[in-house]
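Order-wise, the sequence lines are chains A and B.
The numbering of the first sequence is this note's numbering, which starts it at 4 and goes up by one.
The numbering of the second sequence is this note's numbering, which starts it at 9 and goes up by one.
For glycine and all other residues, C-beta sits at the position ideal for the given N, C-alpha and C.
Structure, as structure tokens:
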Amino acid sequence: NAGVTQTPKFRVLKTGQSMTLLCAQDMNHEYMYWYRQDPGMGLRLIHYSVGEGTTAKGEVPDGYNVSRLKKQNFLLGLESAAPSQTSVYFCASMVSGGANEQFFGPGTRLTVL
Amino acid sequence: SQKIEQNSEALNIQEGKTATLTCNYTNYSPAYLQWYRQDPGRGPVFLLLIRENEKEKRKERLKVTFDTTLKQSLFHITASQPADSATYLCALDNTGRRALTFGSGTRLQVQP
Numbered sequence: 004n005a006g007v008t009q010t011p012k013f014r015v016l017k018t019g020q021s022m023t024l025l026c027a028q029d030m031n032h033e034y035m036y037w038y039r040q041d042p043g044m045g046l047r048l049i050h051y052s053v054g055e056g057t058t059a060k061g062e063v064p065d066g067y068n069v070s071r072l073k074k075q076n077f078l079l080g081l082e083s084a085a086p087s088q089t090s091v092y093f094c095a096s097m098v099s100g101g102a103n104e105q106f107f108g109p110g111t112r113l114t115v116l
Numbered sequence: 009s010q011k012i013e014q015n016s017e018a019l020n021i022q023e024g025k026t027a028t029l030t031c032n033y034t035n036y037s038p039a040y041l042q043w044y045r046q047d048p049g050r051g052p053v054f055l056l057l058i059r060e061n062e063k064e065k066r067k068e069r070l071k072v073t074f075d076t077t078l079k080q081s082l083f084h085i086t087a088s089q090p091a092d093s094a095t096y097l098c099a100l101d102n103t104g105r106r107a108l109t110f111g112s113g114t115r116l117q118v119q120p
């Protein structure tokens, strides 16, 4: 079991460029999440999904889009990157039913110049 | 507004002592609370979950308490070791969203 994997690990973008971050999990989890982590601010929820084909907004969704076409994959897109989106992005997954642990990926460090 | 507060200052303790970390929250009524450990450059790793009707939960050298009246959780590591040095995050369920809201974490440094 690879658990939760994220691609890429590092990326540098110029302002206005677009990119997609890929999250994959092999645990057959229903729920998947995208967070960003900035110094002193902890993890903030961007978008999440409670099942294939569903997505919902989290705490800081502006500037991001997501898609969950397959149960095992959750994509996070930046259509026009801004320096404020420089951050470390974490994906997580969780089995359905609530009150369960979230499993996190290793993170993607994104810098927008 | 809703807020989760963890001590932003690092906690430095001597090996063998008990580390106690605090998580306070306002304007939440969580059904459960979780604690995670995060090492530099890595994603958080789940440690413990405690439900609103539980006062205390233990796992090996870890103990968590949950006081819904005080709106506070305490996280204890007994007989601390240098390997326990990490950032510890508390997280509350965001009722109805099936998602967690995280505190900003407290960095623990255990000196040998």
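Residues bridged to residue i (per DSSP)
i, result
"residue 119(B)", "22(B)"
"residue 75(B)", "80(B)"
"residue 66(B)", "71(B)"
"residue 73(A)", "Answer is none; residue 73(A) lacks a bridge partner."
"residue 27(A)", "8(A) and 76(A)"
"residue 90(A)", "113(A)"
"residue 15(A)", "114(A)"
Residue range of the beta strand (DSSP E) that includes residue i
i, result
"residue 47(A)", "45 to 52"
"residue 83(A)", "Per DSSP, residue 83(A) belongs to no beta strand (DSSP E) and is neither H nor E."
"residue 28(B)", "27 to 34"
"residue 41(A)", "34 to 41"
"residue 11(B)", "11 to 14"
"residue 44(B)", "40 to 46"
"residue 98(A)", "Note, residue 98(A): premise wrong, no beta strand (DSSP E); not H, not E."
"residue 53(B)", "53 to 59"
"residue 109(B)", "107 to 110"
Residues near residue i by beta carbon distance below 6 Å, same chain, minus five either side
i, result
"residue 68(A)", "80"
"residue 10(A)", "25"
"residue 39(B)", "60 and 101"
"residue 114(A)", "15 and 89"
Alpha carbon of residue i to alpha carbon of residue j, nearest angstrom
i, j, result
"residue 108(B)", "residue 9(B)", "16 Å"
"residue 26(B)", "residue 83(B)", "10 Å"
"residue 97(A)", "residue 49(B)", "21 Å"
"residue 94(A)", "residue 5(A)", "14 Å"
"residue 69(B)", "residue 61(A)", "34 Å"
"residue 110(A)", "residue 60(B)", "31 Å"
"residue 63(A)", "residue 92(A)", "12 Å"
"residue 75(A)", "residue 32(A)", "7 Å"
"residue 35(A)", "residue 51(A)", "6 Å"
"residue 17(B)", "residue 43(A)", "10 Å"
"residue 72(A)", "residue 57(A)", "8 Å"
"residue 13(A)", "residue 54(B)", "24 Å"
"residue 99(A)", "residue 19(B)", "35 Å"
"residue 65(A)", "residue 96(B)", "28 Å"
Residues near residue i by beta carbon distance below 7 Å, same chain, minus five either side
i, result
"residue 23(B)", "88, 89, 90, 118, 119 and 120"
"residue 6(B)", "No answer is possible for residue 6(B): the residues shown for chain B start at 9 and end at 120."
"residue 20(A)", "84"
Within 8 Å, strictly: CB atoms of residue i and residue j
i, j, result
"residue 18(A)", "residue 78(A)", "no"
"residue 104(A)", "residue 57(B)", "yes"
"residue 98(B)", "residue 21(B)", "no"
"residue 113(B)", "residue 42(B)", "no"
"residue 85(B)", "residue 75(B)", "no"
"residue 2(A)", "residue 28(A)", "Outside the shown range of chain A (4 to 116) lies residue 2(A), about which nothing can therefore be said."
"residue 106(A)", "residue 30(A)", "yes"
Neighbourhood of residue i by C-beta, 8 Å cutoff - its chain only, sequence neighbours within 5 removed
i, result
"residue 79(B)", "32, 33, 34 and 36"
"residue 64(B)", "58, 71, 72, 73 and 74"
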